[in-house]
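> My questions will all concern the structure given below.
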Amino acid sequence: MAEAAFLEGNYCQAFPFFGAERRGAPVVAFTRIDKRPIRTHEQVYRPNYVVVLDQTLVESVDVAAGLSPGGIVILNSKKAPENLKGKKIAIVDATKIAIETLGVPITNTTMLGALAKATGVVSLESIAKVIEKRFGKLAEKNINAAKRAFEETVIS
Amino acid sequence: MMRIIDGNEAVALAAKLARVKVISAYPITPQTTVVEKLAEYISNGELDAEFIKVESEHSAMSACIGAAATGVRAFTATSSQGLLLMSEMLYVASGLRLPIVMTNANRSVSAPLSIWCDQQDSMTVRDSGWIQLYCENNQEILDTTIQAFRIAEELLLPVMVCYDGYILSHTLEPVDCPEQSEVDAFLPEYHYPYALDPEKPVTMGPVGVPEYYMEFRYLLQKAVQESKAKIVEIDHEFKKRFGRGYGILEEYRSDDAEVVILTMGSLSSSCKEIVDSLRQRGEKVGLVKLKSFRPFPTEEIIEALGRAKAVAVVEKDISLGHAGGLFIDTAAAFVNTREAPLMINFICGLAGRDVTSALLEQAVRETQRAAETGRVEKKIRWLGLQEKLVEE
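As given, the protein sequences belong to chains A and B, one line each in that order. To convert, count from 1 in the first sequence and add 106; that's the working numbering. To convert, count from 1 in the second sequence and add 48; that's the working numbering.
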C-alpha cells in the first residue's frame, strides 16, 4: 500500500507493531500516506481506514477504535457484523477469493484490492505494479486476487 | 534512486555499497533481516564477500577482529543480548585500533525478555572505545553506515551505527539510494597500514604491563575524543557529494528557544513535529538531536543548550541506580560552567512502549513549568509509566 502510494507521488511510512509475527496471533501494522515528508514515529491512533484481514477479530478487538469521522472499516467477511453497525464498512469475501485464486487462505494481497476500491487512495494499477515487483513469479495470481477483490467489494 | 526500504535493508545496502570483504554475524531480532539480506547479496553474486557463520555474537566480533587485523573491511550487525554478549570483544576491537563497522538495531535487554526497542543495549557499552552514532530515519541509517567506514578507517577506530529496532529497522519509508560509483568515489578501497602479514610478522594485542597500559588508554581516549573533527569533516564531504549531511548534532528551531528537548534516534522526528506545533502557537520550544554520543560533543552541547532556560533530556535507557545515560553526560558537560540550564530527565519508550505526541508534549509542559518557576520538582521522570502498577 505504502509503495503504491509512493508510486503515485506521495510520501509514505509503513510499520508493524508486533515485529515478532507468528502465524495465528493478532498483529497490527500501520501505514501513513502524505503529500509532505512523514516524521512522526508514533503509532496511528486516529486512522482514516482500518483493514481487517480476519473477521473473527471483530469479536475480540475494537477494530473501529479511534476511527476518524467518515472513516471506513474494510473487512474480510461474508457479511457485515452486528457490532460494526453505524460505521461505514466495505466488505469482501477475501478468504474465498484467495482460496480460489491463490489456493491458500492468505488474504493480504487480496485485501489490497478492497482497500483501493473502498478508499481510492491508490489505484489498482499501482497496487498491481508493486505486487509485480515484490512477488516475481507469484505476482500474476496475486494481482488477479486483488483485481477480483476490487470488483467484489461492497461498500455500505 | 528513491526506493521504499526498511532500516535493516538500508544497513545491508550500505554494507554492500561499501564493498565489505568479511561479514560475520549472528541473527538476532530485530537485526535478523540485515544478515539475511547480506547473505542473499553474496549468494546471488551482488556482493563479493566472505560470510563467516558463527555460533554466537562473541564469535562474530572475534571473527571481525581477526578479519580486520588482516587488513580487510569487516562488518557485523547485532542487537540487544547480542551486543552484550560481544561486549568483551568490543574492548579488544577498540584497544587494537581495528576499524570495524557494526550496526546495532536498538532493542531492550533481558529480563524481562523483550524484543522491542529501547537504547539500553548500546548505552550499556558506551565506555568501550567505539564511536557511537545514532540515526533518526532510514536515510540517515544508509548515509551514516557508509560514512562509518570512512570514519573508522581514517581514524583506526571501530564505529557503531545505532538505530531504533522496529521503529526504523522494520519501517518502510522512501530512501534515496546512491549508485555504486558514487559510493566508490567517496569510499576508496581500504588499505590498513598494519595488516597481518607472514612476511612481516608483528605482535597484536600483547600484554599491557603497568609501565605502559595507561599510555595506551590515554592515547585511545585521545583518539576517540578527537575523532569529532574527523566525523564532521567526513560528513561535510558526504554532503558535498550526496546533498545530505547530519553534523555531530542538529539544532532544530532551538536558537531562541526557552525550552529545548534533547534526544537521540527516531524520537527526534516525533519531537520535530511537537516543536513545529508548539511554535505555531508562539511557544519558544526547540530540539537538539544528538547524533554522536561517543565522542560526546561537550562544547557543542554547551553551545546548543546553554542559552535555554530548561532542557528536557528524553531518552530510552537508564543507568540503574542513577539516571539516563544521556542525562548524566549532558549534566556533566555543564560542570564548571557558570550558567547551566535546568534539566529534567524523561525516561520513556522502554521496550517499545509507544512515545506518543501527547507524552512528548507533557514532557515539554513540565519543562516549561521548570523554566517559569526556576525550580525542578523531580529530576527524573518516567514518561507514560502506569503508576497504579508500581504502587507499593
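Beta carbons: idealized from backbone N, C-alpha and C, even for Gly. Here the structure is a predicted model, which means the values were calculated and not measured.
Can you tell me whether DSSP reads B:I52 as helix, strand or coil?
One-based indexing of the second sequence puts residue 52 of chain B at position 4. Three-state DSSP puts B:I52 in a strand.
> Considering only C-alpha positions, which residue in the set B:M262, B:K288, B:Q273 and B:K357 is nearest to B:V307?
Here residue 307 of chain B refers to the residue found at position 259 when the second sequence is read from its first residue. Of B:M262, B:K288, B:Q273 and B:K357, the residue nearest in Cα terms is B:K357.
> If I'm right that B:I194 touches B:A66 with Cβ under 8 Å, what's the distance once you round it to whole angstroms?
If you number the second sequence from 1, residue 194 of chain B lands on position 146. If you number the second sequence from 1, residue 66 of chain B lands on position 18. Confirmed, Cβ separation roughly 6 Å.
> Checking the sheet assignment: what are the DSSP bridge partners for A:P122?
Along the first sequence, one-based indexing puts residue 122 of chain A at 16. Answer by DSSP bridge pairing, in chain order: A:A135.
> Quick check: what's the CA-CA separation for A:C118 versus A:T162?
Against the first sequence, residue 118 of chain A aligns to sequence position 12. Against the first sequence, residue 162 of chain A aligns to sequence position 56. Rounded to whole angstroms, A:C118 to A:T162 spans 29 Å at the Cα level.
> B:V403 touches chain A at which residues, Cβ-Cβ below 9 Å?
As a working note, residue 403 of chain B is residue 355 in the second sequence. Per Cβ cutoff of 9 Å: H147 and E148.
> Can the beta-carbon of B:S162 be found less than 8 Å from the beta-carbon of B:A399?
As a first step, residue 162 of chain B is located in the second sequence; it is residue number 114 there, counting from the start. As a first step, residue 399 of chain B is located in the second sequence; it is residue number 351 there, counting from the start. A contact, by the Cβ cut-off of 8 Å.
> May I ask you to verify whether the region 333-342 of chain B touches the region 379-399 of chain B, counting CB pairs closer than 8 Å and requiring at least 3?
No: fewer than three Cβ pairs fall under 8 Å.
> Below 9 Å on C-beta distance, what does B:S441 contact in chain A?
Residue 441 of chain B is absent from the model: chain B starts at 49 and stops at 440.
> First and last residue of the beta strand (DSSP E) that includes B:M391?
Here residue 391 of chain B is taken as the residue at index 343 of the second sequence, counted from 1. From DSSP, the beta strand (DSSP E) with B:M391 extends over L390 to I395.
> Could you tell me how far apart the beta carbons of B:V362 and B:L315 are, in whole angstroms, since I believe they sit closer than 8 Å?
The residue labelled residue 362 of chain B in the question sits at position 314 within the second sequence. The residue labelled residue 315 of chain B in the question sits at position 267 within the second sequence. Indeed, because the Cβ distance is near 6 Å, the residues count as touching under 8 Å.
> Compute the Euclidean distance between the alpha carbons of A:S232 and A:K253, then round it to the nearest angstrom.
On the first sequence, residue 232 of chain A is found 126 positions in, with the first residue counted as 1. On the first sequence, residue 253 of chain A is found 147 positions in, with the first residue counted as 1. Roughly 12 Å separates the two Cα atoms.
> On the CB-based measure, 16 or more other CB atoms within 10 Å of its CB, does A:L244 come out buried or exposed?
One-based indexing of the first sequence puts residue 244 of chain A at position 138. When all chains shown are included, A:L244 counts as exposed.
> Quick one: list the residues of chain B neighbouring A:Y117, beta-carbon separation under 9 Å, in chain order.
If you number the first sequence from 1, residue 117 of chain A lands on position 11. Result: E221 and P222.
> Applying the 10 Å Cβ sphere with the 16-neighbour rule, what's the burial state of A:N248?
For this step, residue 248 of chain A is matched to residue 142 along the first sequence. Under this definition A:N248 is a buried residue.
> State the Cα-Cα distance for the pair B:I189 and B:F382, rounded to the nearest angstrom.
In the second sequence, residue 189 of chain B corresponds to position 141, counting from 1. In the second sequence, residue 382 of chain B corresponds to position 334, counting from 1. Whole-angstrom Cα-Cα distance: 30 Å.
> Who are the Cβ neighbours of B:R174 in its own chain at under 8 Å, not counting the five residues just before and after it?
Within the second sequence, numbered from 1, the residue matching residue 174 of chain B stands at position 126. Once the five neighbours on either side are set aside, the close Cβ partners of B:R174 are Q180, F341, R342 and G373.
> Would A:A234 pass as an interface residue toward chain B - the criterion being a Cβ-Cβ separation below 8 Å?
Counted from its first residue, the first sequence places residue 234 of chain A at position 128. So no, A:A234 is outside the interface.
> Can you pull the chain B residues whose beta carbon is under 7 Å from the beta carbon of A:F112, in chain order?
For the purposes of this step, residue 112 of chain A is taken as the residue at position 6 of the first sequence. Under the 7 Å cutoff, chain B gives I52 and P222.
> Cβ of B:G177 within 8 Å of Cβ of B:Y139?
To locate residue 177 of chain B, count along the second sequence from 1; it is residue 129. To locate residue 139 of chain B, count along the second sequence from 1; it is residue 91. A contact, by the Cβ cut-off of 8 Å.
> Whose Cβ in chain B lies nearer than 8 Å to the Cβ of A:E109?
Mapped onto the first sequence, residue 109 of chain A falls at position 3. Residues of chain B passing the Cβ test: I52 and L220.
> Could you tell me which residues DSSP puts in a beta bridge with A:A220?
Sequence index remark: in the first sequence, residue 220 of chain A carries index 114 (1-based). In DSSP, A:A220 forms no bridge with anything.
> Quick check: what's the CA-CA separation for B:A111 versus B:A411?
Within the second sequence, the letter at position 63 stands for residue 111 of chain B. Within the second sequence, the letter at position 363 stands for residue 411 of chain B. When rounded, the distance between both Cα atoms is 44 Å.
> Within 10 angstroms of its Cβ, does B:A58 collect 16 or more other Cβ (buried), or is it exposed?
By 1-based counting over the second sequence, the position of residue 58 of chain B is 10. Buried: at least 16 other Cβ atoms inside 10 Å.
> Check B:G130 in the structure and name its three-state DSSP category.
Taking the first residue of the second sequence as position 1, residue 130 of chain B is located at position 82. The answer is helix: DSSP assigns B:G130 an H, G or I state.
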